[in-house]
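Structure first, commentary second.
Residue numbers (UniProt numbering), protein chains in the order written: chain A, 1 to 160; chain V, 1 to 205.
Shown next as structure tokens:
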């Protein structure tokens, strides 16, 4: 069994029995897709909601609207069935409590909203989520069971 | 302008900026606790987003961080990062108070850490503003105790729209036998550099 690492603004696919993980999700959202029949899991570490604001060369894994379609495509190529996919979400926290909440500081909730919108358009049901709050998260998916472990500093590990 | 293409001269200037800013902040800290603070030579790094938390122990390392945005001519994100143990020692030095619980902080302690961050960031920025004659205002600071990766990613949001690398000006400081040690991080937004270099008469394309 290998553990496949997903960096910030990155995405990857894991086949059973491998696991796939990403660390230190703050305002970023970890989108996990899972095909339980073919035992294939995918994960994206999404940083920003909307690629139309991109100024440089486009890294599709960075934005909700481009990362999720790319993840679906990569999973299909790895043998997953698009119609079997379910999604789990984690992250999108507000790490800092500013008295004046600017748009930038609200990035976590905005990322979550954007991911949900894109998943809705792709007709992928969200079966579990651990989003919002004010804590960082590390997540790891078991591509055999589809169980997502979410670790936080204060609450330990919980299963989604 | 692309910081990936900066030459040695530009990087030297940015290092000097770290030197001036962090030097003043270290002096302020030293006055607060009446002890000598040593500082390392500032590091200017152009790093991928994944590497950003490496200097403070990795994305999952638990850190205490005061974060604020720099507003004005040189938009940037500023972080004052110390370990839990350093934060406890810092409070002991300042107030002579022993903290009760391992690893946790009450509201009073958090508010104090926030204020320390505020003072240090303020001295960092005011020395830079004096040096460059540019307008730099700190936002209201906020404190968080959590995974370094989750915290530092806030400094990458503006940079994130234009690329996959960030330029960080990182200055490490320590007191005595590392009883208190930490980092000042300045991560300028991409459009901060041209104004900064212009103000200092540094040529750039």
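Just so you know, even glycine gets a beta-carbon here, dropped at the ideal spot from N, CA and C.
Check, Outcome
"If you measure between the beta carbons of residue 124/A and residue 75/A, is that distance less than 7 Å?", "no"
"Less than 6 Å between C-beta atoms, sequence neighbours within five positions excluded: which residues of the same chain meet that for residue 196/V?", "74"
"For the alpha helix (DSSP H) that contains residue 59/A, what are its first and last residues?", "It is not in any alpha helix (DSSP H) - residue 59/A carries neither H nor E in the DSSP assignment."
"If you measure between the beta carbons of residue 109/V and residue 138/A, is that distance less than 7 Å?", "no"
"Quick test of the definition: if touching needs 3 or more C-beta pairs under 8 Å, does the segment 169-179 of chain V touch the segment 42-54 of chain A?", "no"
"So within the segment 101-162 of chain V, which uninterrupted alpha helix (DSSP H) runs reach at least 4 residues, ignoring any that extend past its ends?", "107-132, 148-152 and 157-160"
"Do three or more CB pairs link the segment 7-25 of chain A to the segment 127-134 of chain A at distances below 8 Å?", "no"
"Report all residues from its chain with a CB closer than 6 Å to the CB of residue 82/V; omit the five preceding and five following residues, and keep chain order.", "64 and 182"
"Suppose contacts are defined by Cβ-Cβ distances below 7 Å. Is residue 104/V in contact with residue 28/V by that definition?", "no"
"Based on the DSSP secondary-structure assignment, which residues constitute the bridge partners of residue 213/V?", "Since the displayed chain V opens at 1 and closes at 205, residue 213/V lies outside it and no answer follows."
"Does any residue of chain V bring its CB to less than 7 Å from the CB of residue 70/A?", "no"
"Could you tell me which of 44/A, 19/A and 27/A sits nearest to residue 147/A, measuring between CA atoms?", "19/A"
"Would a check of beta-carbon distances place residue 151/V closer than 7 Å to chain A?", "yes"
"Could you work out which residue in 20/V, 158/V, 147/V and 159/V is closest to residue 154/A when comparing CA atoms only?", "147/V"
"Look at the alpha carbon of residue 57/V and the alpha carbon of residue 96/V, and state the distance between them as a whole number of angstroms.", "28 Å"
"In whole angstroms, what is the alpha-carbon distance linking residue 21/V and residue 127/V?", "6 Å"
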